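Trainee: The opening residue of the sequence shown carries number 86 in my numbering; numbering runs sequentially from there.
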Amino acid sequence: MTDKGILGLVSNVTFEREKRVVVMHRQFFHILWASLLVIIGGILLLSNLNIISLEMDWSWGNIYPFLLLFVGLKLWLNALVERGGNWIAGSFLTIFSGLLILDRFGIIPFTFSDVWQLWPLLFIYIGFGILFRKSRSKYKFENDSKSSPSNRPKSKHMMIGDHSFNEENWKVEPMNLWNGVGDYKFDFTRAFIPDLDTPIIVRGWVGDVKMLVPKHVPFRVDAKVKTGDIRVAGHKADGMNRSFQFETEDYSSATRRLTINIDLGVGSIRVEQV
């Protein structure tokens, strides 16, 4: 394949990525506006049923809960839809501001100083953090071009979503991926794999990871799952806190190879040679 052909493939991949980002931004704003419409409609419905009254003083004390709600929803939904955001801060602000709004409408008594009553949320967040914490393992990759910025893993973090890398001639690049809930599918048989050691890191809470690797491409896999099963090149391991390492015979001497690290909380890992 000529350099012009490779550049054309890279341009196509870049265009597709930019298009996906635009679509995800649209989805985010659709969800945000839909949520606001649901909230406004619910308030108007309760007002018409004389459950709450809209005759309230719109001073700063009554306005800031709605601002907190907007910020909380933005952080939360941004974490769910796309990289960025913070689901912990977003969910906390959403709950806190929701209680303040209910107080302003006279449904329940709750003031800013009552924030301490939400302390049980700490146990919930800590529990999720322990159960689904990101791996703190530091992966090291041998590569002749460590200093090259183009070979540094590109990080991507999402809360919910599925990911597929199976387009014709998609370019394999260093990746550092994390997903809360969702599946990953990699088809390296359809990919353009550069002549270097390419690190692929995939981590997540709940989901499945499936990879198809050509038999002529050397690779190494370091797979871990807290609850689930691992199947790599005909070998398998299942149960609790399972880990498995595998590398092809020609991996150590190859210059064109894949170095794969997968770490899941709950799920299934499949790496097959085809």
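Just so it is clear, CB atoms sit at the ideal spot from N, CA and C, and this is done for glycine as well. Here the structure is a predicted model, which is why all the values come from computation and not from measurement.
1. Pull up the distance between the alpha-carbon of A318 and that of V306, whole angstroms please.
2. Can you list, in chain order, the residues of its chain with a C-beta nearer than 8 angstroms to that of G350? Leave out the 5 residues immediately preceding and following it.
3. On the three-state DSSP scale, how would you describe V156?
4. Between V298 and L262, is the Cβ-Cβ spacing less than 8 angstroms?
5. Under three-state DSSP, which class holds V257?
6. So, with DSSP's three-state summary, where would you put V359?
7. How about M296 and F331: do their beta carbons lie closer than 8 angstroms?
8. For S233, does the count of other Cβ atoms within 10 angstroms reach 16, so buried, or fall short, so exposed?
9. Determine the closest residue to M325 out of D314, S176, V257, with distance taken between C-alpha atoms.
10. Would you please state the rounded distance, in angstroms, between the beta carbons of F304 and Y336? I believe it to be under 8 angstroms.
11. Over the uninterrupted beta strand (DSSP E) stretch that includes S249, give me the two end residues.
12. At 3 residues or longer, what runs of the beta strand (DSSP E) sit wholly inside the region 258-303?
13. Would you call the CB atoms of F195 and L153 closer than 8 angstroms?
14. Going by C-alpha to C-alpha distance, which of V302, V356, I347, F213 sits closest to S338?
15. Can you have a look at W118 and say buried or exposed, based on whether 16 or more other CB atoms are within 10 angstroms of its CB?
16. Helix, strand or coil for L187? Go by DSSP, reduced to three states.
17. By Cβ distance, which residues of its chain are closer than 6 angstroms to E193, with the 5 residues on each side in sequence left out?
18. For chain C, check one thing: does any of its Cβ atoms lie closer than 8 angstroms to the Cβ of R341?
19. Only counting the same chain, and skipping five residues up and downstream in sequence, which positions put a Cβ closer than 6 angstroms to that of V287?
20. Look at the Cβ atom of T179, then the Cβ atom of W161, and state whether they are nearer than 8 angstroms.
21. Using DSSP's beta-bridge definition, name the partner residues of V310.
22. Verify whether the separation of the beta carbon atoms of R275 and E258 is less than 8 angstroms.
23. Taking the alpha-carbon positions, what's the F226 to G212 distance?
Mentor: In terms of the structure at hand:
1. As a working note, residue 318 is residue 233 in the sequence shown. As a working note, residue 306 is residue 221 in the sequence shown. Taking the straight line from one Cα to the other gives about 10 angstroms.
2. The residue labelled residue 350 in the question sits at position 265 within the sequence shown. Excluding the 5 residues flanking it on each side, G350 has same chain C-beta neighbours closer than 8 angstroms at L216, F217, G289, W290, V291, V310, K311, T312, in chain order.
3. Against the sequence shown, residue 156 aligns to sequence position 71. The answer is helix: DSSP assigns V156 an H, G or I state.
4. Position 213 of the sequence shown holds residue 298. Position 177 of the sequence shown holds residue 262. Their beta carbons are not under 8 angstroms apart, which means V298 does not touch L262 by this criterion.
5. Reading the sequence shown from its first residue, position 172 is the one you call residue 257. In the structure shown, V257 sits in coil (DSSP, three-state: anything other than H, G, I, E or B).
6. Numbered from 1 along the sequence shown, position 274 holds the residue referred to as residue 359. Coil at V359, not helix or strand.
7. On the sequence shown, position 211 is the one that residue 296 refers to. On the sequence shown, position 246 is the one that residue 331 refers to. Not in contact: M296 and F331 (Cβ atoms no closer than 8 angstroms).
8. Stepping through the sequence shown from its first residue, residue 233 is reached at position 148. Note that S233 scores 47 on pLDDT, short of 50, meaning its location in the model is unreliable; the coordinates nonetheless yield the value given after this. Exposed.
9. Here residue 325 corresponds to residue number 240 of the sequence shown, with the count starting at 1. The candidate whose alpha carbon is nearest that of M325 is D314.
10. Along the sequence shown, one-based indexing puts residue 304 at 219. Along the sequence shown, one-based indexing puts residue 336 at 251. Right, their Cβ atoms sit about 6 angstroms apart.
11. On the sequence shown, residue 249 is found 164 positions in, with the first residue counted as 1. Segment 248-250, the beta strand (DSSP E) holding S249.
12. If we require 3 residues or more, the beta strand (DSSP E) runs fully inside the region 258-303 come out as 260-266, 269-272, 282-298.
13. Translated into positions along the sequence shown, residue 195 becomes position 110. Translated into positions along the sequence shown, residue 153 becomes position 68. Going by C-beta atoms, F195 is not nearer than 8 angstroms to L153.
14. Start at 1 with the first residue of the sequence shown, and residue 338 comes out as number 253. When each option's Cα is compared against that of S338, the closest is V302.
15. Here the question's residue 118 lines up with position 33 in the sequence shown. By the Cβ neighbour-count rule, W118 is exposed, with fewer than 16 other Cβ atoms within 10 Å of its own.
16. For this step, residue 187 is matched to residue 102 along the sequence shown. L187 falls in the helix class under three-state DSSP.
17. What you label residue 193 is simply residue 108 of the sequence shown in a count that begins at 1. The sequence given here has Ile at residue 193, not Glu. Excluding residues within five positions, the ones whose Cβ falls inside 6 angstroms are L187.
18. Reference to chain C is not applicable here, since this structure consists of a single protein chain.
19. Numbered from its first residue, the sequence shown carries residue 287 at position 202. Counting only Cβ-Cβ distances below 6 angstroms, and skipping sequence neighbours, we find L262, Y269, V294, I347.
20. The sequence position of residue 179 within the sequence shown is 94, counting from 1. The sequence position of residue 161 within the sequence shown is 76, counting from 1. The answer is yes: Cβ separation under 8 angstroms.
21. In the sequence shown, the residue the question calls residue 310 occupies position 225. Per DSSP, R327, L349.
22. If you number the sequence shown from 1, residue 275 lands on position 190. If you number the sequence shown from 1, residue 258 lands on position 173. Not in contact: R275 and E258 (Cβ atoms no closer than 8 angstroms).
23. Sequence index remark: in the sequence shown, residue 226 carries index 141 (1-based). Sequence index remark: in the sequence shown, residue 212 carries index 127 (1-based). Low local confidence applies: a pLDDT of 41 at F226 is under 50, so the model's placement there is unreliable, with the coordinate-based value given in what follows. The straight-line gap from Cα to Cα measures roughly 32 angstroms.
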